Amino acid sequence: VIKILTPKKKGTSNKSVAPEVSDDGCLATGNVIVYVWRQLDAQAVAENLQAAGIEGGIVIYHGGMDASARSKAQSK
Numbered sequence: 001v002i003k004i005l006t007p008k009k010k011g012t013s014n015k016s017v018a019p020e021v022s023d024d025g026c027l028a029t030g031n032v033i034v035y036v037w038r039q040l041d042a043q044a045v046a047e048n049l050q051a052a053g054i055e056g057g058i059v060i061y062h063g064g065m066d067a068s069a070r071s072k073a074q075s076k
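Note that the UniProt record's numbering numbers the sequence shown so that position 63 is 63, with each residue one more than the last.
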């Protein structure tokens with residue numbers, strides 16, 4: 001996931017990722033939703049993205065959240 005979301009550095013090549021993803025990085029131009037199977041995985045993915053220096057609003061959303069927390073996450 002991190003390889004796809006992170007913009008490539010100038011002068012590097014990443015031929016294993018589609019050009020529309022690797023040229024600017026998904027997060028450089030829009031939003032990305034990452035689906036996971038378990039609630040625990042949602043937290044782990046968010047922590048890994050933050051640790052990798054992904055900038056922007058990383059929002060966790062899962063069925064274990066109460067209604068107000070889900071509503072707040074959706075409004076971000």
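A virtual CB, placed ideally from N, CA and C, is assigned to each residue, including glycine.
What you are looking at is a predicted structure, and each value in this text was computed from that prediction instead of being measured.
Residue of the options minimising C-alpha distance to residue i
i	options	result
GLN39	ALA52, GLY56, VAL32 and MET65	MET65
TYR35	ILE60, GLY53, ALA73 and GLU55	ILE60
Local conformation of residue i per DSSP, three classes
i	result
ASP66	coil
GLU47	helix
C-beta atoms of residue i and residue j nearer than 8 Å
i	j	result
ILE58	ALA44	no
7 Å CB neighbourhood of residue i in its chain, flanking five on each side removed
i	result
LYS76	GLY57 and VAL59
With 16 other Cβ atoms within 10 Å as the buried cut-off, status of residue i
i	result
ALA42	buried
8 Å Cβ shell around residue i - same chain, five flanking residues per side excluded
i	result
GLY63	GLN39
GLN50	ILE58
Short CB-CB distance (under 8 Å) between residue i and chain B
i	result
TYR61	Chain labels in this structure do not include chain B; a single protein chain is all it has.
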